[in-house]
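The structure under discussion appears below in the form of structure tokens.
There are 2 protein chains.
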Amino acid sequence: MATRTRNTDGALSAERIVGAAIAMLDEGGESGLTFRALAAHLRTGAGAIYWHVANKDELLAAATGEVLAGAIAAEVAERTPEDAIRALAGGVFDAIDEHPWAGAQLSRVPIQPAMLRVFERLGQQIQALGVPAADQFTWASALLNYILGVAGQNAALARAVEPGTNRPEFLGAVASGWANLDAAEFPFIRSVAGQLPAHDDREQFLAGIDLILAGVTARRDR
Amino acid sequence: MATRTRNTDGALSAERIVGAAIAMLDEGGESGLTFRALAAHLRTGAGAIYWHVANKDELLAAATGEVLAGAIAAEVAERTPEDAIRALAGGVFDAIDEHPWAGAQLSRVPIQPAMLRVFERLGQQIQALGVPAADQFTWASALLNYILGVAGQNAALARAVEPGTNRPEFLGAVASGWANLDAAEFPFIRSVAGQLPAHDDREQFLAGIDLILAGVTARRDR
DNA sequence: CCTCTCTCTGGAACGTTGTTCCACACCCAG
DNA sequence: CTGGGTGTGGAACAACGTTCCAGAGAGAGG
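If you read the sequences in order, they're chains A and B. By the count of this note's numbering, the first sequence reaches residue 225 at its end, each step adding exactly one. By the count of this note's numbering, the second sequence reaches residue 225 at its end, each step adding exactly one.
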């Protein structure tokens with residue numbers, strides 16, 4: 004019944020473990036987080052970590068939730084529902100752009116607590132837009148799935164680029180590959196290859212959000 | 004210079020390996036494919052497989068490409084561009100719904116050859132819809148990312164449900180969890196929880212496609 | 001003050017994985 | 001007949017997530 008907290012300064016805790024995990028994931032990517040390296044980084048053993056964290060999946064989920072917390076905490080209550088959705092989606096994008104491993108996690112597991120909050124916010128704004136009740140679930144899910152798709156592709160790109168080259172160099176190589184595809188079979192991809200290296204990911208992501216929002220208002224007013 | 008093919012009947016080949024890999028992935032999910040089990044299934048050793056396949060990533064990519072080939076081969080040249088996009092997206096959905104592991108692969112790696120063909124088809128129909136040149140790349144990417152997001156979530160759900168329960172039972176449990184969330188914080192999710200167990204994934208996916216297409220025509224005619 | 005117990009630690013050990021290595025069989029060209 | 005390239009399969013390696021366990025440390029109760 005007594006105070007069972009023995010938290011001295013240097014003690015292990017779930018928070019310290021998650022924090023160290025985030026640091027290692029940011030530095031070494033998804034493959035940079037192992038229990039051995041994490042234990043070494045915390046100057047302890049692998050077994051001690053399991054006292055505070057059930058397994059690696061839970062650790063990844065906690066790290067992703069932590070990284071997304073900032074994007075979710077942002078206030079709304081201002082401007083239009085469209086702007087609120089844009090701000091929320093942009094915040095999520097910034098988080099997964101800064102921590103690509105979190106994007107991979109989001110698109111790999113079913114909806115987890117942090118993303119459930121995002122879904123709730125999206126749904127509330129969809130409701131505020133006056134969408135018929137029968138369409139709210141489907142249209143909010145469309146927004147969520149689009150966000151998750153971008154999250155996964157962002158992480159995939161980050162994983163593919165990391166070796167030695169930098170991003171524009173990598174995209175330039177992909178673009179020249181696209182430009183050399185068969186002209187009869189890939190006319191569209193050849194025509195857009197030039198836009199690939201210079202395009203702004205965040206801007207393109209938000210343009211997709213706007214496209215879906217345009218569909219929402221068009222269908223609602225049908 | 005001579006015919007260097009020694010292909011007798013029981014010999015190993017990349018095609019046989021990919022075929023066996025697909026069978027094992029379909030039966031045991033993403034964790035059901037190991038080089039040892041694959042070697043045993045093919046009555047050979049793990050080392051022999053590496054003569055025909057570079058590594059596991061390449062094997063997964065080939066298996067995913069094979070599974071998507073049918074969806075890509077479907078003809079177009081009929082009806083409206085909207086219908087062509089719906090048919091293509093529906094074909095991709097059917098493939099990843101039947102082989103969830105392929106959906107996970109698509110959302111985990113950068114665009115690969117099979118998906119590049121899907122992107123090409125999407126872009127051609129976006130062009131056929133009369134979309135301004137400056138928006139074609141972005142809007143086709145929006146469609147692709149939405150498809151990839153659904154692919155990833157489908158795979159995540161399939162991985163979460165497999166233990167012993169079946170799908171409606173699992174979704175019912177998730178829905179009752181949603182219904183018991185805090186009323187003040189999660190009004191939207193509580194209001195849509197009832198739709199979760201009975202909803203049709205394919206129908207909802209195509210409704211999302213329609214939503215984006217509505218945005219395309221609305222923005223185009225702005 | 002002693003001792004019991006519960007929390008927490010850290011390193012060894014286990015089983016499995018992807019991958020590499022290598023000795024060896026097979027078969028066609030010379 | 002014989003050499004070398006093509007293909008095979010099983011042993012071996014390094015790394016991983018996870019489990020196990022002996023024990024340190026501190027507070028509670030006698």
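Don't be surprised by glycine CBs; every beta carbon is placed ideally from N, CA and C.
What do you get for residue i, buried or exposed, if any count of 16 or more other CB atoms within 10 angstroms of its CB means buried?
i                 : result
Tyr53 of chain A  : exposed
Arg111 of chain A : buried
Glu123 of chain B : buried
Pro116 of chain B : exposed
Ser179 of chain B : exposed
Thr83 of chain B  : exposed
Gly152 of chain A : buried
Pro103 of chain A : buried
Thr37 of chain B  : exposed
Asn148 of chain B : buried
Gly13 of chain B  : exposed
Ala176 of chain B : exposed
Gly49 of chain B  : It is worth fixing the name first, because residue 49 of chain B is Ala in this sequence and not Gly. Ala49 of chain B comes out exposed.
How many angstroms separate the CA atom of residue i from the CA atom of residue j?
i                 : j                 : result
Gly226 of chain A : Ala201 of chain A : With chain A running from 4 to 225 in the structure shown, residue 226 of chain A is simply not present.
Arg162 of chain A : Glu69 of chain A  : 21 Å
His55 of chain A  : Leu15 of chain A  : 8 Å
Val95 of chain B  : Gln156 of chain B : 14 Å
Pro160 of chain B : Asp60 of chain B  : In the sequence as displayed, the identity of residue 160 of chain B is Leu instead of Pro. For Leu160 of chain B and Asp60 of chain B, the distance between alpha carbons rounds to 22 Å.
Asn58 of chain A  : Asn169 of chain B : 25 Å
Asp224 of chain B : Gln130 of chain A : 26 Å
Ala40 of chain B  : Val21 of chain B  : 13 Å
Ala221 of chain B : Gln139 of chain B : 14 Å
Gly218 of chain B : Glu172 of chain B : 35 Å
Asp29 of chain A  : Arg19 of chain A  : 15 Å
Thr1 of chain A   : Pro113 of chain B : Because chain A spans 4 through 225 in this model, residue 1 of chain A falls outside it and cannot be assessed.
Leu45 of chain A  : Asp100 of chain A : 26 Å
Ala64 of chain B  : Ala196 of chain B : 36 Å
Ala105 of chain B : Ala51 of chain A  : 36 Å
Leu216 of chain B : Glu165 of chain A : 35 Å
Gly211 of chain B : Ala187 of chain B : 28 Å
Gly133 of chain A : Phe191 of chain A : 37 Å
Gln207 of chain A : Ala66 of chain B  : 30 Å
Leu199 of chain B : Leu125 of chain A : 17 Å
Ala90 of chain B  : Ala137 of chain B : 25 Å
Leu174 of chain A : Leu184 of chain B : 44 Å
Trp181 of chain A : Gln108 of chain A : 29 Å
Asp97 of chain A  : Ala87 of chain A  : 15 Å
Glu78 of chain B  : Arg120 of chain A : 41 Å
Pro135 of chain A : Gly167 of chain B : 37 Å
Leu71 of chain A  : Ala92 of chain A  : 11 Å
Ala5 of chain B   : Ser194 of chain A : Only weak support exists for where Ala5 of chain B lies, its pLDDT of 34 falling under 50; the coordinates are left without a value.
Classify residue i as helix, strand or coil using the three-state DSSP reduction.
i                 : result
Gly208 of chain B : Just to set this straight, residue 208 of chain B is Phe in the shown sequence, not Gly. Looking at Phe208 of chain B - three-state DSSP - the assignment turns out to be helix.
Ala5 of chain B   : A caution first: Ala5 of chain B carries a pLDDT of 34, below 50, which makes its placement in the model unreliable, though a value can still be read off. The answer is coil: DSSP assigns Ala5 of chain B none of H, G, I, E or B.
Asp100 of chain A : helix
Arg223 of chain A : helix
His44 of chain B  : helix
Ser16 of chain B  : coil
Arg82 of chain B  : coil
Asp185 of chain B : coil
Asp29 of chain B  : helix
Ala77 of chain B  : coil
Gln115 of chain A : coil
Ala241 of chain A : Outside the shown range of chain A, which is 4 to 225, sits residue 241 of chain A, and nothing can be said about it.
Leu36 of chain B  : coil
Glu123 of chain B : helix
His55 of chain B  : helix
Glu172 of chain B : helix
Pro135 of chain A : coil
Pro190 of chain A : helix
Asp213 of chain A : helix
Ala201 of chain B : coil
Glu69 of chain B  : helix
Glu61 of chain A  : helix
**Asked** Which residues, taken in chain order from the region 51-66 of chain A, show a beta carbon closer than 8 Å to some beta carbon of chain B?
**Response** none
**Prompt:** Which of the residues in the region 95-119 of chain B, read from start to end, lie with their CB under 9 Å from any CB of chain A?
**Reply:** Ala107, Leu109, Ser110, Arg111, Val112, Pro113, Ile114, Leu119
**Prompt:** In chain order, what residues of the region 126-147 of chain A put their CB closer than 7 Å to some CB of chain B?
**Reply:** Gly126, Gln127, Gln130, Gln139, Phe140, Thr141, Trp142, Ser144, Ala145
**Message:** Which residues of the region 151-169 of chain A have a Cβ closer than 7 Å to any Cβ of chain B? Give them in chain order.
**Reply:** Leu151, Gly152, Val153, Gly155, Gln156, Ala159, Leu160, Ala163
**Message:** Taking beta-carbon pairs under 9 Å, can you tell me which members of the region 210-225 of chain A lie near chain B?
**Reply:** Ala210, Gly211, Ile212, Asp213, Leu214, Ile215, Leu216, Ala217, Gly218, Val219, Thr220, Ala221, Arg222, Arg225
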